[in-house]
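For the sequence shown, our numbering assigns the number -17 to the initial residue and increments by one for each residue that follows.
Report on the structure given below.
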Amino acid sequence: MHSDQPPPPTTDDSVIIRRERWRVDRVQNHADVIRLDVSNRRRRATFLVPFDRARASAPRERLHRVRPRVVVARLSRLLAGSHRARHAIQSAAAARMAILPHQFEPALALASGVRRVLVADEVGLGKTIQAGLAIAECVRRRPGARVLVIAPTSLHAQWQTELLERLGLTAAQGDRAGLDAEMHNGAFGDNPWALQSIWIASLDFLKQPHVLDGLPHSLWDLMVVDEAHEACGDSARHRAGAALARRARAVMLLTATPHSGDATRFARLTSFGALDGADDPVTIFRRTRRQLGAIVARRVRWRRVAPSLQEAAALDALLAFERRVLHAASGQRIDDAALLLSVLRKRALSTMAAFAISIERRLEWVERRNGQAPSWLQPSLQFDEGASDGWQDRDLAAMCVDVGLSPALERTWLRRLRDFAVRAARQERKIAHLVALTERSREPVVAFTEFRDSLTAVVRQLGPWRPVASIHGGMPESEQRRARERFLRGEASVLVATDVASQGLNLQDRARWVVGLELPWNPCRLEQRAGRVDRIGQRRPVHVTWLTTAHAAGHRIEQVFRDRVRRARGVIGEDALEMTVPSERAICADIILGAAVPAAPESIGSPPISKKWARLARKAAGRESRVRELQTRWRGSIAPARVEWCRLGRRRRAWRVALIFTSAIHDANGEAIESTLACFTWNPTDAVIVAVPRVVVDHARRGAALVAARRARRLGRRLGRAVGGRIARERALVAALVDDIGTGAVQPGLFDRRAVQRAGQAQQIVAAVQCDADAECDAIARSAALSASTPRLALVLFA
């Protein structure tokens, strides 16, 4: 700071490094004038604000001698702190993660201006880490950024843990409990969504009209959608998610199963959040272990278990019942009949215990068709459809459809099926085969089943032989976590789980063997189940065992799988993921009705797989690896408060001096774009050097300033070419947001003015949104106006 007292004169022209440290002694506020008294070791100063303008003055320079190892450590830290605008993903250096080049590509694409990114890597290649890097980089580049992560409820805790432990980011849960906590901590009238920077929520919670209307009318800086294939159906989830994505400056979709063989669903996925009438393509990243050279041997064994006589009789009776129902159904009842029969056959091919329960429920509904509804028919309050593995609403609805059979005839068939199922459930061949497999090996095993009733039967028969932990959707999150910890600690050698544990669970450090009790009708679940142990970090060969029933009832499923894989490969390529996500109704039609699967279309407008960022990602990953190594040599601050010097080597007749300067490039908004180092050498003619003349330092500083200014002009021109597109995109996003708010004509009520008041509030919101948009567009325009700061001398080396 400057004051009326001049600094003491210097006695020579040598470099004197000294940083003035001021202490605030007193602050007095008189009306609109603030008196500020400050002091340091040598003098005091008083400022009256706003009449006096206090500014930081350039400190006088004095050299401080240190040991060579300190200078080497300081130089390492300065090199680690320098970065380039294009290549820098600085969040990775401090993150607790292995630096892998392919994980940098989506973050680099988003940082370069790409708005919509689809990451469709194989299961276990670190899609969550890639999204975390993108979130951390967004928060670093844009302080106060607003980020929304949409994920199934069962993955919220894992997302919070990953962001906090690996990247140091705190996220709030966007559910009723999380919103209530934020409202309790905030001021009265505050929108709880505006009190946190990063939110994690589920689509099933956000799709509710009162929740969707309660979100702030402002743009999200980044929106991440995990398990994005679950949001590409023709449903309220897709409409809510797509509407939110149109309010985001950047959208990142994560899924290991991008194509289901259904062109319509794939089109919804690739157009998720696209702006109407704007050039807004999606950039697809899709990598496999083979492409990345990280192949872990996976040995897959299909065990076709022959059913017992009782099981075969039950399955034969089920097929006969299906033929009788399909013969009686006609018109609109065909789809309802296929839905009912699909539920019965799925549960029969899982376990006879689950099949018997489904028959009991159908029989109860038939007997009470015109009377009181069964207790299990009460509406469910489950918000997250993906978190339940019991009787979902879709399955319950299938139990209550009219298939055209007379009640007496259907009751006879159901009682016969129940008798077959109860007798067959006394000796389940597949469960016995699973018990035999676990007896022959002491290897930890993860056993998956689709239904909670089947899980109960497995645990009951497997429990006497090996310690078992179980996870299903009916358990609270705390109990699920305790079961996982029991298995990871080794207290249980078998983990029996439903598909609620097939997403986001990392078990590669504990197990390498996965057993599937049945062939799920949703093929993506096969890869998701195997992906719990076949992930990055698995160093042993992975073993996967699928148990299927050797009966005609299960043959059609494998054929449908092959046909849908062929269709997906016809669109994405021969290296398409083999586990796809078909719609439930399409599977029912293919398997139950025997519908022919159409051939893969020859041409579908699908975006190509992006390879543009691979080379740049390798450079960025290499640099961040070097930065992480350099950071281990110095634990102090990046910018030291003094200039240090040392002599490297023994005394010589003539020394060579190296002056190292640091400089930064800022935009007109004050944001740091780049930080660079410049080194200038000086060969003195004198044999003995007492001090570096100031004229040498000033000359070197002017050279460093010239280099930094040239770099700022070149970088400014490159950024300036993208300013127009960024402003146009911001205007398009705001226009879509204004359309969602709606400010059309209003018909006043006869007895109240609520409609007029709502219209006035909408106009105020639109005005505020447009004001924020104007400010954002001005900031975008200023982001290309770059300037270089005055280079600062950091190190002086004598060699």
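Ideal placement from N, C-alpha and C gives every residue a C-beta, glycine not left out.
Fair warning: this is a prediction, and the values are worked out from it, not measured in the lab.
Would you mind working out which of V105, D34 and H65 sits nearest G513, comparing C-alpha positions? When V105, D34 and H65 are compared, the shortest CA-CA separation from G513 is found for V105.
Which term fits P289, buried or exposed, when burial requires 16 or more other beta carbons within 10 angstroms of its beta carbon? Under this definition P289 is a buried residue.
Would you tell me roughly how many angstroms separate the C-alpha atoms of L274 and N488, rounded to the nearest one? 20 angstroms
C-beta atoms of A686 and A660 nearer than 7 angstroms: yes
For the alpha helix (DSSP H) that P347 lies in, which residues bound it at each end? The question names Pro, but residue 347 is Trp in the sequence shown. Where W347 is concerned, the enclosing alpha helix (DSSP H) stretches over M334 to E349.
T143: buried (16+ other C-beta within 10 angstroms of its C-beta) or exposed? exposed
Taking only beta-carbon atoms, is L188 less than 7 angstroms away from chain D? Chain labels in this structure do not include chain D; a single protein chain is all it has.
Considering only the beta carbon of each residue, do R122 and S73 sit closer than 7 angstroms? yes
Near W395, which residues of its chain fall below 6 angstroms by C-beta distance, leaving aside the five closest residues on each side in sequence? F303
Since W627 sits in a beta bridge, which residues does DSSP pair it with? For W627, which the question treats as bridged, DSSP gives the partners R47 and V778.
Using 8 angstroms as the cut-off, can you tell me whether the region 194 to 209 makes contact with the region 53 to 73, which would need three or more C-beta pairs spanning the two stretches below that distance? no
Check whether the region 296 to 311 touches the region 386 to 406, taking contact to mean three or more Cβ pairs, one atom from each stretch, closer than 8 angstroms. yes
Determine the burial state of E794: buried for a count of at least 16 other Cβ atoms within 10 Å of its Cβ, exposed for fewer. This structure leaves residue 794 out entirely; the chain is present only between -17 and 781.
Per DSSP, the bridge partner or partners of V786: The structure shown does not extend to residue 786, since the chain is modelled only from -17 through 781, so no value can be given for it.
Assuming L149 and G114 make a contact with CB atoms under 8 angstroms, what is their CB distance in whole Å? 5 angstroms
Give the DSSP bridge partners of I266, in chain order. L100 and I591
Less than 8 angstroms between C-beta atoms, sequence neighbours within five positions excluded: which residues of the same chain meet that for L643? According to the sequence shown, residue 643 is Phe rather than Leu. Same-chain partners within the cutoff: L659, A660, C661, F662, A682, R683, A686, P773, R774, L775 and A776.
Between the Cα of R799 and the Cα atoms of A256, I316, R600 and E656, which residue gives the shortest distance? The structure shown does not extend to residue 799, since the chain spans only -17 to 781, so no value can be given for it.
Applying the 10 Å Cβ sphere with the 16-neighbour rule, what's the burial state of C628? buried
Where does W528 sit, in a helix, a strand or coil, going by DSSP? W528 falls in the strand class under three-state DSSP.
As a quick exercise: from L194, L197, R464 and T237, pick the residue whose alpha carbon is nearest that of C214. Answer by Cα proximity: T237.
I'd like the ranges of any beta strand (DSSP E) spanning at least 3 consecutive residues and lying wholly in the region 646 to 700. 654 to 664
Going by alpha carbons, who is nearest to R158 out of F170, G196 and R128? G196
Do V478 and V526 have their CB atoms nearer than 7 angstroms? No, these two residues do not count as a Cβ contact at 7 angstroms.
Provide the residue span of the beta strand (DSSP E) that contains V428, from first to last. V427 to F430
Which same chain residues end up closer than 8 angstroms to A279 when comparing Cβ atoms and leaving out the 5 residues on each side of it in sequence? Excluding positions up to five away in sequence, the list reads P523 and V524.
When we look at the beta-carbon of G652 and count the other beta-carbons within 10 Å, is it buried (16 or more) or exposed? exposed
Classify I453: buried if its beta carbon has 16 or more other beta carbons within 10 angstroms, exposed otherwise. buried
CB of R448 within 7 angstroms of CB of T420, strictly: yes
Straight-line Cα distance separating A27 from R17: 11 angstroms
Nearest-angstrom Cα distance between A91 and A245? 26 angstroms
Between which two residues does the beta strand (DSSP E) carrying S824 extend? Nothing can be reported for residue 824: it is not among the residues displayed for the chain, which extend from -17 to 781.
Just to confirm, are E500 and S332 a CB contact at a threshold of 7 angstroms? yes
Please state if the CB of R638 and the CB of A781 are separated by a distance shorter than 7 angstroms. It is a contact, given that the beta carbons lie within the stated cut-off.
Using a 10 Å radius around the Cβ and a threshold of 16 neighbouring Cβ atoms, would you call F248 buried or exposed? buried
So the candidates are Q743, C759, R231 and V778; which of them puts its Cα closest to the Cα of R676? Per the Cα distances, V778.
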